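*Asks:* Can you keep this structure in mind? I'll have questions shortly.
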Amino acid sequence: VLAQQAIADLEDLASGLRSPTDVDHSVHATRTGIKRLRAFVRLARASVGEETYRQENRSLRDAARLIAPARDARVLIETAESESAPPKVLATLHRAHAEAIDELEAGVRLEAVRCLESVADRWNHHAWSGPPSSSIRSGLGATFRRARSDYATVLTEPTDVTFHGWRRRVKYVRYQLEAIAAPDEIVTPYTTLGDDLGLEHDHTELIGVCSDVPDDAAFTALAHRSTARRAMLRSRALDIGSRLFAVDPDAFVNSISTSVALG
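As numbered in the numbering used here, residues 11 to 273 make up the sequence shown, in order.
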């Protein structure tokens with residue numbers, strides 16, 4: 011069932027990106043969908059083998075990277091608007107977004123579509139009914155263990171890079187839990203944490219853009235507001251992380267296995 015749903019989701023993403031009614035929305039949905047599919051591939055890793063796992067994960071990653079600039083440019087606008095950025099700053103961000111969309115429509119979007127379609131073709135030919143429960147347990151444990159390790163790294167070295175790495179792993183835990191239909195009370199804390207870390211990342215990117223215009227008061231003021239917001243998000247994320255990652259990975263997998271009857 012999981013494999014069939016993943017193939018259907020993959021085909022829907024390719025179709026939506028090929029003929030979008032709203033390019034920004036389609037790019038966002040595709041990026042999120044690819045993250046979910048990469049989380050699923052991690053659940054299947056032990057059953058499909060390392061070579062297949064690496065090929066499919068790499069293909070999905072490459073498709074996501076193709077459309078990333080357009081999505082990132084749109085997110086910068088939304089983040090700046092959330093901090094009441096002045097028109098001057100927003101105009102600069104809108105110009106950058108327009109340039110990213112132009113590049114996307116110059117062939118990049120269809121290249122990403124072809125990449126997703128190639129993955130879908132391979133998955134359909136696998137005639138794959140898995141992954142079995144043993145592979146799911148292995149994948150979920152590995153993802154949680156990495157997220158827990160990244161949390162420990164953030165505690166000792168709280169940098170933009172370490173927060174970025176932790177964010178990605180937390181998202182994978184969430185999407186894997188959703189893929190196996192874990193109860194809402196288990197998934198929700200990871201959703202909250204992932205959302206906070208996502209916003210943290212958005213503000214980090216905005217701060218970086220503002221730093222490129224150090225002598226402009228409008229950009230400097232926005233950077234100060236965004237830095238304060240990021241500090242709050244980081245503090246809240248660390249607090250949630252202290253509760254979620256206090257548990258041992260094996261105990262985590264066992265508790266999830268009981269909740270969704272993985273065996």
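Ideal Cβ placement from N, Cα and C applies to all residues, glycine included.
If you're wondering where the values come from, they're calculated on a predicted model, not measured in any experiment.
Let me know if Ala261 comes out buried or exposed under the rule of 16 or more other beta-carbons within 10 Å of its beta-carbon.
*Replies:* exposed
*Asks:* Does the count of Cβ pairs from the region 246-262 and the region 149-159 closer than 8 Å reach three?
*Replies:* yes
*Asks:* Using the Cα positions of Ser159 and Thr166, report the straight-line distance between them to the nearest angstrom.
*Replies:* 11 Å
*Asks:* Of the residues Asp170, His136 and Asn134, which one's Cα is nearest the Cα of Glu215?
*Replies:* Asp170
*Asks:* Tell me the DSSP secondary structure of Ser144 in three-state form.
*Replies:* helix
*Asks:* Buried or exposed: which applies to Gly276, given that a residue is buried once 16 or more other Cβ atoms fall within 10 Å of its Cβ?
*Replies:* In the structure displayed, the chain extends from 11 to 273; residue 276 sits before or after that span and is not available.
*Asks:* Here's the rule: buried if 16 or more other CB atoms are within 10 angstroms of the residue's CB, otherwise exposed. What is Thr198?
*Replies:* exposed
*Asks:* With 16 as the cutoff for other CB atoms within 10 Å, does His107 come out buried or exposed?
*Replies:* buried
*Asks:* Would you tell me roughly how many angstroms separate the C-alpha atoms of Ala110 and Asp32, rounded to the nearest one?
*Replies:* For the pair Ala110 and Asp32, the Cα-to-Cα distance works out to about 15 Å.
*Asks:* Using C-beta distances below 7 Å, list every residue in its chain close to Gly251, excluding the 5 sequence neighbours before and after it, in chain order.
*Replies:* The answer, listed in chain order, is Tyr161 and Leu203.
*Asks:* Please name the residue, chosen from Asp258, Ile44, Met242 and Ile190, that lies closest to Leu272 on a Cα-to-Cα basis.
*Replies:* Ile190
*Asks:* Any contact of the region 68-79 with the region 206-213, i.e. 3+ C-beta pairs under 8 Å?
*Replies:* no
*Asks:* Following the continuous alpha helix (DSSP H) through Gly59, name the residue where it begins and the one where it ends.
*Replies:* Unbroken run through Gly59: none, as it is neither H nor E.
*Asks:* Please work out which residues of its chain come closer than 8 Å, Cβ to Cβ, to Ala233, disregarding the five sequence neighbours upstream and downstream, and give them in chain order.
*Replies:* Leu216, Ile217, Cys220 and Ser221
*Asks:* Is there contact between the region 115-133 and the region 51-70, where contact requires at least three CB pairs shorter than 8 Å?
*Replies:* Counting Cβ pairs under 8 Å, three or more are found: they touch.
*Asks:* Would you be able to state if there are at least three C-beta pairs under 8 Å between the region 49-57 and the region 142-151?
*Replies:* yes
*Asks:* Taking the C-alpha atoms as reference points, what is the distance between Ala49 and Arg178?
*Replies:* 10 Å
*Asks:* I need the straight-line Cα distance from Ala119 to Ala73, nearest angstrom please.
*Replies:* The identity of residue 119 in the sequence shown is Arg, whereas the question assumes Ala. In a straight line, the C-alpha of Arg119 is about 9 Å away from that of Ala73.
*Asks:* Hey, how far is the Cα of Thr230 from the Cα of Ser236?
*Replies:* Computed Cα separation, rounded: 10 Å.
*Asks:* Apart from the five residues just before and just after Glu121, which ones in its own chain have a Cβ nearer than 8 Å to its Cβ?
*Replies:* Taken in chain order, the residues that qualify are Leu76.
*Asks:* What separation, rounded to the nearest whole angstrom, lies between the Cα atoms of Arg239 and Ser245?
*Replies:* 10 Å
*Asks:* Per DSSP, what kind of secondary structure is Glu215 in: helix, strand or coil?
*Replies:* helix
*Asks:* Could you tell me the distance, in whole angstroms, from the CA atom of Thr89 to the CA atom of Val223?
*Replies:* 17 Å
*Asks:* Quick check on Leu95: buried or exposed, where buried means 16 or more other Cβ atoms within 10 Å of its Cβ?
*Replies:* Per the sequence shown, the amino acid found at residue 95 is Ala instead of Leu. Classification for Ala95: buried.
*Asks:* Output needed for Ile146: all residues of its chain with C-beta closer than 7 Å, excluding positions within five of it in sequence on either side, in chain order.
*Replies:* Leu53, Ile190 and Leu272
*Asks:* What does the alpha-carbon distance come out to for the pair His38 and Arg81?
*Replies:* 6 Å
*Asks:* Taking the CB atoms as reference points, tell me whether Pro142 and Ser269 lie closer together than 7 Å.
*Replies:* no
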